[in-house]
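Chemist: Okay, here's the structure, questions in a sec.
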Amino acid sequence: MKFAVIGGTGLIGSQVVKNLNAAGHEAVPHSQSTGVDVITGQGLDEAVAGADVVVNLTNSPTFDEASPAFFQTSMDNLLAAAQRGGVGHFVILSIVGVDQVPELDYYRAKVLQEEILAAGPVPYSIVRATQFMEFMDAAMSWTADADTVRLPATPIQPIAAKDVAAAVAEVAAGTPVRGIHNIGGPEVFSLDELGRITLSHKGDNRTVVTDPTAGMFAAVKGDVLTDKSAHLAPTRYTDWLS
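Be aware that the sequence shown starts at 1, since it is given in full-length UniProt numbering, and climbs by one per residue.
Now the structure itself:
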């Protein structure tokens, strides 16, 4: 099969391309660096020409109120190109529980992306993943100073990017789900606990202070970012840290 992986040079996309090619498919990465622009539409028809499957892993450059416009325009352009090219399967990566946190602009934008895909003309699959292990440092940096890191006790089910990429590649090579496929890490932690584990492993002497108002994840109510019934990935957080 031939795959056009849009956003194929990023953290997930580059590994999806590698996995698909290793499985004997032809997966081609596309991004702004290869002359493909999902906002202007430049290069899209050429990118999807002859592809059986489009995997869209592009992301909004911001997480604020500008993000819905990015997903609206990029999805409209990509779906139109995919329809013109006769693509039979369109895959995106989203977030477990994304529709349960309307307080966050970016999460509302990702819900919009899902809705555009589901209403579109191409058979589709939505892979929703729990929070990436790779994002933990960023999450801590938002509310950190020289002595402390403030984090809420939001339940998190961290998953390694390599496991996300493997799942996306597997779904993309299969029959369209025409719905949502949830994947998650094998363990659930509170975010503040995850912070303490991370700092301890790094030999960082800062103290994690549990603060229900700190950072983006303060907007999350309950355990909506976890799903113990999801397809569970193998990599544990402490093994990933090591």
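Glycine included, C-beta positions come from ideal geometry on N, C-alpha and C. Keep in mind that this is a model prediction, so the values were computed, not measured.
Select from 158, 147, 4 and 133 the residue whose C-alpha is nearest the C-alpha of residue 223.
Modeler: If you compare the alpha carbons of 158, 147, 4 and 133 with that of residue 223, the shortest gap goes to 158.
Chemist: Taking just the CA atoms, how far does residue 77 sit from residue 39?
Modeler: About 7 Å.
Chemist: Report, in whole angstroms, the separation of the C-beta atoms of residue 71 and residue 32, which I expect to be a contact under 8 Å.
Modeler: No, residue 71 and residue 32 are not in contact; Cβ-Cβ is about 16 Å, not under 8 Å.
Chemist: Suppose contacts are defined by Cβ-Cβ distances below 9 Å. Is residue 92 in contact with residue 124 by that definition?
Modeler: yes
Chemist: Suppose the cutoff is 6 Å on Cβ atoms and the five residues either side in sequence are ignored; what does the same chain contact list for residue 43 look like?
Modeler: Excluding positions up to five away in sequence, the list reads 35 and 36.
Chemist: Would you kindly check if the distance between the Cβ of residue 197 and the Cβ of residue 127 is under 9 Å?
Modeler: no
Chemist: Taking the alpha carbon of residue 229 as the reference point, which residue from 217, 185 and 211 has its own alpha carbon closest?
Modeler: 185
Chemist: Rounding to the nearest angstrom, what Cα-Cα distance links residue 52 and residue 130 in this structure?
Modeler: 27 Å
Chemist: Residue 148 and residue 207 look like a contact to me (Cβ under 8 Å); what is the Cβ gap, rounded to whole Å?
Modeler: 5 Å
Chemist: In or out: residue 118 buried (at least 16 other Cβ within 10 Å) or exposed?
Modeler: exposed
Chemist: May I ask you to report which of helix, strand or coil DSSP gives residue 194?
Modeler: helix
Chemist: From residue 225 to residue 179, what does the alpha carbon distance come to, in whole angstroms?
Modeler: The straight-line gap separating the alpha-carbon atoms of residue 225 and residue 179 is approximately 18 Å.
Chemist: Report the CB separation of residue 219 from residue 212 in whole angstroms; it is logged as a contact under 8 Å.
Modeler: In fact, because the Cβ distance is near 11 Å, the residues do not count as touching under 8 Å.
Chemist: Taking the DSSP output, what are the residues bridged to residue 108?
Modeler: According to DSSP, which records beta bridges pairwise, residue 108 is partnered with nothing at all.
Chemist: Helix, strand or coil: which one does DSSP assign to residue 39?
Modeler: coil
Chemist: Taking 9 Å as the threshold (C-beta atoms), are residue 235 and residue 133 in contact?
Modeler: The answer is yes: Cβ separation under 9 Å.
Chemist: Is it true that the CB of residue 7 sits closer than 9 Å to the CB of residue 30?
Modeler: yes
Chemist: Would residue 27 be called buried (16 or more neighbouring beta carbons within 10 Å of its own) or exposed?
Modeler: buried
Chemist: Considering residue 125, what are the terminal residues of the beta strand (DSSP E) in which it resides?
Modeler: 124-129
Chemist: To the nearest angstrom, report how far apart residue 20 and residue 136 are at their CA atoms.
Modeler: C-alpha separation (whole angstroms): 27 Å.
Chemist: Here's a check: name, in chain order, each residue in its chain whose Cβ is nearer than 6 Å to the Cβ of residue 94, leaving out the five neighbours to either side.
Modeler: 110, 114, 126 and 128
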